[in-house]
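Visitor: Numbering (the numbering used here), first residue to last: 446 to 702. Just so it is clear, CB atoms sit at the ideal spot from N, CA and C, and this is done for glycine as well.
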Amino acid sequence: MGTQAATNKTIPRVKAIVEDLVDAISEVFNEHDVTFEEYRAGFFHVIKTGQAGELGLLMDMLLCQRVCDIEMKHRRGTRSNVEGPYFLPDAPFVTDKAKVRGDVEPLIIQATVVDLNGNAVPEVDVDLWWADPTGFYSGYSDDFPKEYFRCKAKTDANGCYSILGSMPREYAITAEAHGPTGSLVDMLGRQGMRTMHMHQKYNKDGYLPLTTQAYFRDAKFIDDDPVTAVFDDLTYDLKEKDGVPLLDIDIVLDPAV
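(1) For ARG524, count neighbouring Cβ atoms within 10 angstroms of its own Cβ and tell me buried if that reaches 16, exposed if not.
(2) So what's TYR652 in DSSP terms, helix, strand or just coil?
(3) THR455: buried (16+ other C-beta within 10 angstroms of its C-beta) or exposed?
(4) Mind the definition here: the segment 645-660 touches the segment 577-587 only if three or more C-beta pairs lie below 8 Å; say whether that holds.
(5) Which same chain residues end up closer than 8 Å to GLN510 when comparing Cβ atoms and leaving out the 5 residues on each side of it in sequence?
(6) From the DSSP secondary-structure annotation, give me the bridge partner or partners of ASP731.
(7) Identify, in the order they occur along the chain, each residue of the same chain with its Cβ nearer than 8 Å to the Cβ of PRO567, setting aside the five sequence neighbours on each side.
(8) Under a Cβ-count criterion, where at least 16 other Cβ atoms within 10 Å of its own Cβ denotes burial, should ILE594 be classed as buried or exposed?
(9) In chain order, which beta strand (DSSP E) runs of at least 3 residues are fully inside the segment 603-646?
(10) On the DSSP letters alone, give me the boundaries of the alpha helix (DSSP H) that GLU464 sits inside.
(11) Secondary structure at TYR531, three-state DSSP: helix, strand or coil?
(12) Mark VAL463 as exposed unless 16 or more other C-beta atoms lie within 10 angstroms of its C-beta, in which case mark it buried.
(13) Starting from ASP695, follow its DSSP beta bridges and name the residues at the other end.
(14) Quick one: what does DSSP say ALA659 is sitting in, helix, strand or coil?
(15) Can you list the alpha helix (DSSP H) stretches of 4 or more residues lying completely in the segment 473-528, in chain order?
(16) How far does the beta strand (DSSP E) with GLU685 in it reach, from first residue to last?
(17) Could you compute how far the alpha carbon of LYS686 sits from the alpha carbon of VAL549?
(18) Report the option in ASP541, GLY547, LEU629 and VAL558 whose CA atom is closest to the CA atom of SER607.
(19) Name the residue from LEU533, THR619 and LYS649 whose alpha carbon lies nearest to the alpha carbon of GLU592.
(20) SER586 bridges to which residues according to DSSP?
(21) Between the Cα of GLY487 and those of PHE661, THR626 and THR680, spot the shortest distance and give me the residue it belongs to.
(22) Would you kindly check if the distance between the Cβ of LEU683 and the Cβ of PHE661 is under 8 Å?
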């Protein structure tokens, strides 16, 4: 009876992916003659990563862009890019200015959102979030509430929005900053500094949701970002508006299937 009950709960796609994943890992183990001691070291490293609250960081660093690249097989609009582990869904809505604090460099974040035919897409819900001047994200400690360095906006009739925020800061994914995730970065031989970037999400009925990032040309570490998710079509030259640096983003949304 127990076996029958379990069988009735089988989800074919989950079963297929998990079994293929185990087979693929087994092939890697066989190819590299992985020892039991090496297996257990990896096993406990994953446990340590979870205990440190870094499992999302580790998974997104290693795997998220692979899934985004698969998504692009079915998209023709703006490239899907790593969400990262620091998105919060209930950021404050603003119309002109995001809340920041500390010694910030102002940045205007501006975008035009169109469909595949170049037509403006109004009333798009937008989420923006970025690292503060010390390289941290808001909303993860009592003394750094989520209303800072993240916001929601909405495109106007011309498919545009413009928010005054601040320049994001590069930050470390190193053993000193992130424990087990950083130690793996070191063992992989990657440099440990994430280049500066601006996270974005776009949502509107009738269109595929888009999660992406904007990168800054000539920024530090842009050529060897440890997440390996920097693409030229997501990289922008800064402009200027009224003496303030301007990040002017072009977004193309795909229709919902």
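Guide: Per the coordinate set shown:
(1) buried
(2) strand
(3) exposed
(4) no
(5) ASN526, VAL527, VAL672, THR673 and ALA674
(6) Beyond the ends of the chain as shown, which are 446 and 702, falls residue 731; an answer cannot be given.
(7) THR600, ASP601, ALA602, ASN603 and GLY604
(8) Residue identity differs from the one stated: residue 594 is Phe in this sequence, not Ile. The residue in question, PHE594, is buried, as its Cβ has 16 or more Cβ neighbours within 10 Å.
(9) 605-611
(10) 457-476
(11) coil
(12) exposed
(13) THR557
(14) strand
(15) 481-496, 500-504 and 510-516
(16) 684-686
(17) 17 Å
(18) ASP541
(19) LEU533
(20) PHE589
(21) THR626
(22) yes
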